[in-house]
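Protein chains: 2
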Amino acid sequence: MTGHILAFSGGVGGAKLAAGLCAVLPPEQLTLVVNTGDDFEHLGLTICPDLDSVTYALAGLNDTVRGWGVADETWQAMAMLSQLGGPDWFNLGDRDLGLHLTRAMHLRARESLSQVTERLTGQLGIAHRIAPMSDDPVRTQVETDMGWLDFQHYFVREQCRPQVRGVRFAGADQARPSPGFAEALARADLAAVVVCPSNPWLSVDPILALPGVRDRLKTLCVPVIAVSPLVGGTALKGPLAKLMAELGKPVSNLALAAHYDGLLDHLVIDQADAADAALLRKSGLCATITQTVMREARDRERLASEILAIVGGVD
Amino acid sequence: MTGHILAFSGGVGGAKLAAGLCAVLPPEQLTLVVNTGDDFEHLGLTICPDLDSVTYALAGLNDTVRGWGVADETWQAMAMLSQLGGPDWFNLGDRDLGLHLTRAMHLRARESLSQVTERLTGQLGIAHRIAPMSDDPVRTQVETDMGWLDFQHYFVREQCRPQVRGVRFAGADQARPSPGFAEALARADLAAVVVCPSNPWLSVDPILALPGVRDRLKTLCVPVIAVSPLVGGTALKGPLAKLMAELGKPVSNLALAAHYDGLLDHLVIDQADAADAALLRKSGLCATITQTVMREARDRERLASEILAIVGGVD
Chain A
17 MTGHILAFSG GVGGAKLAAG LCAVLPPEQL TLVVNTGDDF EHLGLTICPD
67 LDSVTYALAG LNDTVRGWGV ADETWQAMAM LSQLGGPDWF NLGDRDLGLH
117 LTRAMHLRAR ESLSQVTERL TGQLGIAHRI APMSDDPVRT QVETDMGWLD
167 FQHYFVREQC RPQVRGVRFA GADQARPSPG FAEALARADL AAVVVCPSNP
217 WLSVDPILAL PGVRDRLKTL CVPVIAVSPL VGGTALKGPL AKLMAELGKP
267 VSNLALAAHY DGLLDHLVID QADAADAALL RKSGLCATIT QTVMREARDR
317 ERLASEILAI VGGVD
Chain B
17 MTGHILAFSG GVGGAKLAAG LCAVLPPEQL TLVVNTGDDF EHLGLTICPD
67 LDSVTYALAG LNDTVRGWGV ADETWQAMAM LSQLGGPDWF NLGDRDLGLH
117 LTRAMHLRAR ESLSQVTERL TGQLGIAHRI APMSDDPVRT QVETDMGWLD
167 FQHYFVREQC RPQVRGVRFA GADQARPSPG FAEALARADL AAVVVCPSNP
217 WLSVDPILAL PGVRDRLKTL CVPVIAVSPL VGGTALKGPL AKLMAELGKP
267 VSNLALAAHY DGLLDHLVID QADAADAALL RKSGLCATIT QTVMREARDR
317 ERLASEILAI VGGVD
């Protein structure tokens, strides 16, 4: 495959495919654009969970047993904060805090989130470009039976228990795609847009909500290929299945593809959902059946290679 | 002894006697006023080394082997920050960071340093009153052969290597004694002022530099009793002996007493310096010879009791 790949990612699930793409593509052929709608301000720090999940995965620092955060993590700062009566609902590990403190310092010095991300990923030896979707704050909020909740209040504090009625992205209408994102969207050699297996409502929609992004994707003559985060008719992780049900959707690849409203050309689904392929094709989409569950590096790399083969086939 | 004791303390050395005083006095008979001239802003946090040394000592959380900071400390956040190219010259432990993050949160919410200190010490089960000397920022700066240095740059980053020519307390002329300090100074039942074994130039002078404090101490009809931080003609810890020499003073209890310029009534010196007592008395001071080195709780409590006996004798 020649040309440039623009990939969208949320957190942990998306980060696995992002790591696979980095393993099979040289840095100059890939731009990873990461959701920042989950970001929030906490304890004077700007926490960017999805950017950090991707960063840790690409640096090989992610905890593969716990499934999130940094390996060899400890929780001493939070234990002390908790003893002192501080807000301990969002558990920040000590190593993770080291990153947040460093990022906060550079943000206070008026570096953009893109600049800080480039700096920190560079320090960790990551050669590929990880761009936040925007340098302007976009904050995902979830309408629930408890009212509107900031995303991390819904996701972490309330453990996704509230019933979801809707989702909005505060600030998205005023936010601009980050320079790295805008540059990738404008590339003449753009070969495909890859949507990593992340939650469409919570992790991909914030990226698509940025002014001009959806229109640009519609006019681009390159395939938009998503990997479904559903496996066997449910989500491997996170609130996706519960959320789809609460929004009145069937928990299916068809409903997921329909949500993208004409934006997708191709959905990669797991072999456990092979039966969905015919329905997807009937709705006008290309569908590829493979193993989308990524347990090890070779799974990530195989899936990434299969996606590049799709792009190559379309070329 | 009846009446109230007002004690001044710097960091680790002073904190030992502070803990001794807390062990032998009920909370209503003691106000500990702690130097904040060493405080500084770092990584978006307000670090208060002396307040924290006293807090950790009184809560029994201090590391007695390392001699400073919290017991069972880890250094994971700083290791990550260092890997990310952040400023790692000031080593903040993970548990310590938990305290700094909590304090910073309350300071951002416009609590005063006094209010935050009361809150944090209360959470740690400390019944005695620890008051910062001031809620207004006072920042000790040291004139050296490298120019004027902020205190922590001199003390930690440069490891006290530069030659000291002078010391100033930026902001002291505009700062007010904290409410707890002012209240203790105004008490009708004040029985004595105790200066814990801290560095006069770096830890006690900032307290005395606050507007009105020196004058008030001079007009008070209560004894001002200092415990010398010198033992055997040198300092147990820290830059005191080097500093005195660089400022052209003999490293002696006499020079130390002279520095207080008439403010002291009584100097408690170590048995290793017993020979100084006659000279001190000749200069008009009372002098008590005892063991001032505090290795264990019983040393701290014995020294505290001896000081109270001096106060009782003066009554």
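Quick mapping for you: the protein sequence lines, in order, are chains A and B.
Each residue of the first sequence is one higher than the one before, counting from 17 in this note's numbering.
Each residue of the second sequence is one higher than the one before, counting from 17 in this note's numbering.
Every residue gets a Cβ at the ideal spot worked out from N, C-alpha and C, and that includes glycine.
Once DSSP output is grouped into helix, strand and coil, what is the label at aspartate 315 of chain B? Taking the first residue of the second sequence as 1, we reach residue 315 of chain B at position 299. Three-state result, aspartate 315 of chain B: helix.
If the cut is a Cβ gap below 7 Å, which residues of chain B does alanine 93 of chain A touch? Reading the first sequence from its first residue, position 77 is the one you call residue 93 of chain A. In chain order: Ala93, Asp110, Arg111, Leu113, Gly114, Leu117.
Which word fits glutamate 57 of chain A, buried or exposed, when buried means at least 16 other C-beta atoms lie within 10 angstroms of its C-beta? The residue labelled residue 57 of chain A in the question sits at position 41 within the first sequence. Flag for glutamate 57 of chain A reads exposed.
Report all residues from its chain with a CB closer than 7 Å to the CB of alanine 257 of chain A; omit the five preceding and five following residues, and keep chain order. As a position in the first sequence, residue 257 of chain A is number 241, starting the count at 1. Around alanine 257 of chain A: Thr250, Ala251, Val267.
To the nearest angstrom, how far is the alpha carbon of aspartate 152 of chain A from that of serine 128 of chain A? As a first step, residue 152 of chain A must be located in the first sequence, where it is residue number 136. As a first step, residue 128 of chain A must be located in the first sequence, where it is residue number 112. Spanning the two alpha carbons is a distance of roughly 9 Å.
Give the residues of chain A in contact with arginine 124 of chain B, contact being defined as C-beta atoms less than 8 Å apart. Here residue 124 of chain B is taken as the residue at index 108 of the second sequence, counted from 1. What arginine 124 of chain B touches in chain A: Gly60.
Beta-carbon neighbours of threonine 90 of chain B, restricted to chain A and to distances below 8 Å: The count along the second sequence starts at 1 and reaches residue 90 of chain B at position 74. Result: Thr90, Gln92, Asp110.
Ordered along the chain, which non-local residues of its own chain (more than five positions away) have a Cβ less than 8 Å from that of tryptophan 105 of chain A? Here residue 105 of chain A is taken as the residue at index 89 of the first sequence, counted from 1. Cβ within range, chain order: Val172, Arg173.
Let me check understanding here. Comparing Cα to Cα, which of B/Asp66, B/Val247, B/Glu44 lies closest to valine 220 of chain B? Stepping through the second sequence from its first residue, residue 220 of chain B is reached at position 204. With distances taken between Cα atoms, valine 220 of chain B lies closest to B/Asp66.
Where the stretch 130–149 of chain A meets chain B: residues whose CB sits under 8 Å from a CB there: Those would be Arg135, Leu136, Gln139, Leu140, in chain order.
Using 8 Å as the limit for Cβ to Cβ distance, is leucine 97 of chain A near chain B? Your numbering for residue 97 of chain A matches position 81 in the first sequence. Any Cβ of chain B closer than 8 Å to the Cβ of leucine 97 of chain A would place that residue at the interface, and such an atom is present.
If contact is defined by three or more beta carbon pairs under 8 Å, each pair taking one atom from either stretch, is the stretch 239–250 of chain A in contact with the stretch 280–294 of chain A? yes
Any beta strand (DSSP E) of 3 or more consecutive residues that is wholly inside the stretch 136–203 of chain B: 145–148, 155–160, 163–166, 180–186
With three or more beta-carbon pairs closer than 8 Å as the criterion, would you say the stretch 268–276 of chain B touches the stretch 291–301 of chain B? yes
Taking the Cβ atom as the reference point for each residue, do leucine 301 of chain A and aspartate 281 of chain A lie within a distance shorter than 8 Å? Within the first sequence, numbered from 1, the residue matching residue 301 of chain A stands at position 285. Within the first sequence, numbered from 1, the residue matching residue 281 of chain A stands at position 265. The Cβ atoms of leucine 301 of chain A and aspartate 281 of chain A sit closer than 8 Å to each other.
Spatial distance of glutamate 44 of chain B from leucine 206 of chain B (CA atoms): Within the second sequence, residue 44 of chain B is the residue found at index 28, counting from 1. Within the second sequence, residue 206 of chain B is the residue found at index 190, counting from 1. Their Cα atoms are separated by approximately 11 Å.
Assuming alanine 188 of chain A contacts proline 222 of chain A under a Cβ cut-off of 8 Å, what Cβ separation, rounded to an integer in Å, is found between them? Here residue 188 of chain A is taken as the residue at index 172 of the first sequence, counted from 1. Here residue 222 of chain A is taken as the residue at index 206 of the first sequence, counted from 1. Yes, they are in contact, since the Cβ atoms of alanine 188 of chain A and proline 222 of chain A sit about 7 Å apart, within 8 Å.
Contacts that glycine 102 of chain A makes with chain B (C-beta to C-beta distance below 8 Å): Along the first sequence, one-based indexing puts residue 102 of chain A at 86. Correct list: Gly114, Leu117, Thr118, Met121.
Taking the beta carbon of cysteine 237 of chain B as the centre, do at least 16 other beta carbons fall within 10 Å, making it buried, or is it exposed? Taking the first residue of the second sequence as position 1, residue 237 of chain B is located at position 221. Exposed, since its Cβ has fewer than 16 Cβ neighbours within 10 Å.
Residues of its chain near aspartate 166 of chain A, where Cβ-Cβ distance is below 7 Å and the 5 sequence neighbours each way are ignored: The sequence position of residue 166 of chain A within the first sequence is 150, counting from 1. For aspartate 166 of chain A, where only same-chain residues beyond five positions count, the Cβ hits under 7 Å are Phe56, Arg155, Gln157.
Specify the secondary structure class of cysteine 302 of chain A as computed by DSSP and reduced to three states. Translated into positions along the first sequence, residue 302 of chain A becomes position 286. In the structure shown, cysteine 302 of chain A sits in a strand (DSSP, three-state: E or B).
Using the Cα positions of valine 183 of chain A and alanine 191 of chain B, report the straight-line distance between them to the nearest angstrom. Here residue 183 of chain A is taken as the residue at index 167 of the first sequence, counted from 1. Here residue 191 of chain B is taken as the residue at index 175 of the second sequence, counted from 1. C-alpha separation (whole angstroms): 49 Å.
Residues near asparagine 107 of chain B by beta carbon distance below 7 Å, same chain, minus five either side: Here residue 107 of chain B corresponds to residue number 91 of the second sequence, with the count starting at 1. In its chain, beyond the 5 residues on either side, Trp91, Met94 have a beta carbon closer than 7 Å to the beta carbon of asparagine 107 of chain B.
I'd like to check one pair, alanine 147 of chain A with threonine 71 of chain A: are the Cβ atoms closer than 8 Å? Counting from one through the first sequence, the residue named residue 71 of chain A turns up at place 55. Counting from one through the first sequence, the residue named residue 147 of chain A turns up at place 131. Contact flag unset, no.
Classify serine 80 of chain A as buried or exposed, calling it buried when 16 or more other Cβ atoms lie within 10 Å of its own Cβ. Numbered from 1 along the first sequence, position 64 holds the residue referred to as residue 80 of chain A. Correcting the residue identity first, residue 80 of chain A is threonine in this sequence and not serine. That one is exposed.
Could you check which residue in B/Gly141, B/Pro255, B/Gly264, B/Ala23 has the C-alpha nearest to that of arginine 177 of chain B? For this step, residue 177 of chain B is matched to residue 161 along the second sequence. Closest option to arginine 177 of chain B, Cα to Cα, is B/Pro255.
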